[in-house]
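This report concerns only the one structure given below.
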Amino acid sequence: MADLMKTPLNAAHRALGAKMVDFGGWDMPLQYPTGIIAEHNAVRNQAGLFDVSHMGELRVKGPDALKFLDWLTPNAVAKLADGQIHYTGFLTERGSFVDDLLIYRESEDDFLLVVNAGNIAKDFAWVKEKAAGFQVTVTNESDATGQVALQGPNAEGILQGLTDLKLADIAYYWFKRGVVAGKACLVSRTGYTGEDGFEIYCRAEDAEAIWCAVLAAGKGKGLIPAGLGCRNTLRLESKMALYGHEISDEIHALEAGLGWTVKLDKGDFLGREALQKAKDAGLPRKLAGFRMREKRDIARDGMAVVKDGAQVGFVTSGAPSPTVGQNIGLALVPSEDAKIGSRIFIEIRGKAAEAEIVPTPFYKRK
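See the structure below:
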């Protein structure tokens, strides 16, 4: 087995007693001794600190950067202002996903693309290949970059004492460059939890100093380190897609419920023709949220959605929800079964377990 990749915070996690797991080839903390539910609740009610240094950072620069990215991705890159961020996808010609990502606009000719850890090499090669004919350079800054995510209602109060930036002036999905704990950083008001919070990008060698400073600043303010286990339950409650689950090479952007990221009227982009055809024809299947009727039934990704003895769909993600107190999930189901209040059946341990289609997100912060 190949050695697992390590973030700059690996030793810090081990010192904190984290349970480490192989996450897409990375040695990452699943949970700390506090446990997944306590970490989840801390993020919802106070604050949690995540190591997200495994995420990928690609830089696209050059006179054609804006034009290139507006063609490469379905969201309206041309509408971003300097310091603004949006969520989008890398799509195939079929409109399905190579990956999902955030695009940060530094300037008209300089963009930061934040991609999934397991897709860094694939995405880097793909973007470089598509860039042929455009006046751009594409560089992979992932190894040189550290990233931590401070999430939860107390995040701003904890971070403000460590930075020269006025955090209240950074709006949701905007970013600024400044200093955190004496280190040069990019600070964005973003996250993958459904809570307020910040993602702090720094040089890899500065990540541990920032991690330790933020944890120290959060003492007495409910801050605890949080692992990938609660990151998954938090994003599921907030109906945020996970690559390989709600989105993949086999699932296109419209059926994944991500039509809001697809600007069919902006001009040509990769996958546009396929998505326009899919929209015009109507969607045979859709992503829908559900809750299990019985407390003992927990749906997990890959389980079959069945109807009259035949498989008609599948669960993309499922887990007990600490916030909602129910067993919830997302599934790709026939569109006629995706209506709120519809009953679906999921094959769990050889029996058809009943679930109800419910509104999503399952949780929305006030």
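For the sequence shown, the residue numbers in the numbering used here are 190 to 555.
The beta carbon of each residue, even a glycine, is placed where N, CA and C say it ideally should be.
Three-state class that DSSP yields for residue i in the structure shown
| i | result |
| --- | --- |
| His-441 | strand |
| Lys-268 | helix |
| Gln-349 | helix |
| Ile-309 | helix |
| Thr-450 | helix |
| Ala-515 | What sits at residue 515 in the sequence shown is Gln, not Ala. Coil. |
| Ser-427 | coil |
| Ala-227 | helix |
| Lys-484 | coil |
| His-275 | strand |
| Asp-299 | strand |
| Ala-600 | Past the edges of the chain, shown from 190 to 555, lies residue 600, and the structure says nothing about it. |
| Glu-375 | One detail in the question is off: residue 375 reads as Leu in this sequence, not Glu. Three-state DSSP puts Leu-375 in a strand. |
| Thr-281 | coil |
Pick from the options that is closest to residue i, judged by C-alpha positions
| i | options | result |
| --- | --- | --- |
| Trp-363 | Ala-396, Leu-269 and Lys-408 | Leu-269 |
| Lys-256 | Lys-466, Val-325, Glu-318 and Lys-355 | Val-325 |
| Arg-203 | Ala-508, Asp-271 and Asp-216 | Asp-216 |
| Gln-465 | Gly-448, Pro-222 and Glu-384 | Gly-448 |
| Gly-380 | Asp-438, Leu-290, Thr-512 and Gly-471 | Leu-290 |
| Ala-470 | Leu-356, Ser-524 and Leu-354 | Ser-524 |
| Glu-536 | Val-547, Pro-509 and Gln-500 | Gln-500 |
| Gly-418 | Lys-195, Leu-219, Gly-214 and Asp-211 | Leu-219 |
| Trp-315 | Leu-258, Leu-423 and Pro-252 | Leu-258 |
| Thr-328 | Cys-391, Leu-247 and Ile-274 | Leu-247 |
| Lys-455 | Arg-233, Asn-264 and Ala-201 | Asn-264 |
Integer-rounded CB distance, given that residue j should sit under 8 Å from residue i
| i | j | result |
| --- | --- | --- |
| Val-494 | Phe-534 | 7 Å |
| Ala-567 | Met-244 | In the structure as shown, the chain starts at 190 and stops at 555, and residue 567 therefore has no counterpart that could be examined. |
| Leu-339 | Leu-238 | 5 Å |
| Glu-545 | Phe-458 | Their Cβ separation, rounded to whole angstroms, is 37 Å, which puts Glu-545 and Phe-458 out of contact at 8 Å. |
| Ala-415 | Asn-343 | About 13 Å; that fails the 8 Å criterion. |
| Val-241 | Val-337 | 7 Å |
| Asp-385 | Glu-426 | In fact, because the Cβ distance is near 15 Å, the residues do not count as touching under 8 Å. |
| Val-522 | Ala-477 | 5 Å |
Unbroken alpha helix (DSSP H) run spanning residue i, endpoints
| i | result |
| --- | --- |
| His-243 | Premise fails: His-243 is in no alpha helix (DSSP H) and is neither H nor E. |
| Val-547 | Where Val-547 is concerned, there is no enclosing alpha helix (DSSP H), although the beta strand (DSSP E) it sits in stretches over 540-547. |
| Ile-399 | 396-406 |
Rounded C-alpha distance that separates residue i from residue j
| i | j | result |
| --- | --- | --- |
| Leu-351 | Met-209 | 29 Å |
| Ala-445 | Gly-502 | 13 Å |
| Ile-359 | Arg-378 | 7 Å |
| Ala-520 | Gly-530 | 14 Å |
| Gly-373 | Glu-397 | The displayed chain sequence assigns Ala, not Gly, to residue 373. The alpha-carbon atoms of Ala-373 and Glu-397 are separated by roughly 13 Å. |
| Gly-460 | Gly-371 | 44 Å |
| Ile-399 | Val-303 | 20 Å |
| Lys-555 | Glu-318 | 43 Å |
| Pro-431 | Pro-550 | It is Leu, not Pro, that sits at residue 431 in the sequence shown. Between Leu-431 and Pro-550, the C-alpha separation is close to 14 Å. |
| Ala-435 | Leu-261 | According to the sequence displayed, residue 435 carries Glu and not Ala. Their backbone Cα atoms lie some 21 Å apart in a straight line. |
| Leu-354 | Glu-228 | 27 Å |
| Gln-515 | Glu-394 | 41 Å |
| Gly-507 | Val-547 | 14 Å |
Residue interval of the beta strand (DSSP E) (run including residue i)
| i | result |
| --- | --- |
| Gln-336 | 334-340 |
| Glu-295 | 286-296 |
| Gln-500 | 499-509 |
| Trp-215 | 215-220 |
| Glu-536 | 532-537 |
Closer than 7 Å: residue i CB and nearest the ligand ATP heavy atom
| i | result |
| --- | --- |
| Gln-515 | The model on display carries no ligand, and the ligand ATP is accordingly not part of it. |
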